[in-house]
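As structure tokens, the structure follows; a few thoughts come after it.
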Amino acid sequence: MALDPGEFKSVFKVNVFSYFYATKHAAKIMVPRKRGSIVFTASVVSATHVGLPHPYTASKHAVVGLMKNLCVELGKHGIKVNCVSSYRW
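Quick note: the sequence shown uses the numbering used here, first residue 1, plus one each step.
Have a look at this one:
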């Protein structure tokens with residue numbers, strides 16, 4: 001298994017940290033209003049294995065985990081956080 005840590009960092013920066021920072025800034029507006037909706041895009045790989053590269057698969061699992069934690073944290077403020085995981089069979 002030849003994995004490049006730099007590739008993991010790069011993929012997580014795009015697929016996970018982008019949602020983290022976007023949510024952080026959106027929550028600043030939504031929390032005082034006590035409402036809002038945030039939608040992430042994950043992938044079918046967050047629910048099953050389809051043989052894609054490890055960094056991509058791990059990052060999509062992380063997106064779902066982040067969404068679940070934010071549901072609990074932001075739900076207390078009336079903010080819904082959801083995740084869409086589409087796949088064309």
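Note that CB positions come from ideal geometry on N, CA and C, so glycine has one too.
Computed from a predicted model, the values in this text were never measured in an experiment.
Would you tell me roughly how many angstroms separate the C-alpha atoms of residue i and residue j, rounded to the nearest one?
i: Gly78; j: Lys28; result: 13 Å
i: Tyr87; j: Pro32; result: 36 Å
i: Gly6; j: Val16; result: 15 Å
Go to residue i, then tell me how far its beta strand (DSSP E) extends in each direction, as first and last residue.
i: Gly78; result: That residue, Gly78, is in no beta strand (DSSP E); it is neither H nor E in DSSP.
i: Ser37; result: Gly36 to Thr41
Quick one: give me the first and last residue of the alpha helix (DSSP H) that residue i is part of.
i: Ser10; result: Pro5 to Phe12
i: Val31; result: Ser18 to Arg33
Considering only residues of the same chain and omitting the five flanking positions on each side of residue i, which have a CB-CB separation below 7 Å?
i: Thr23; result: Ile38 and Leu70
i: Phe8; result: Pro55
Suppose the cutoff is 6 Å on Cβ atoms and the five residues either side in sequence are ignored; what does the same chain contact list for residue i look like?
i: Ser46; result: Lys60, His61, Val64 and Ser85
i: Val44; result: Ser85 and Tyr87
i: Ser42; result: Contrary to the premise, residue 42 reads as Ala rather than Ser in this sequence. So the list reads Lys60, Val63, Val64, Cys83 and Ser85, once near-sequence residues are dropped.
i: Phe40; result: Tyr19, Val63, Met67 and Cys83
Leaving out five residues before and five after residue i in sequence, what residues of the same chain have Cβ atoms less than 8 Å from its Cβ?
i: Ala26; result: Gly36 and Ile38
i: Ala2; result: none
i: Gly75; result: Val81
Do the region 12-31 and the region 53-60 meet, that is, are 3 or more Cβ pairs less than 8 Å apart?
-> yes
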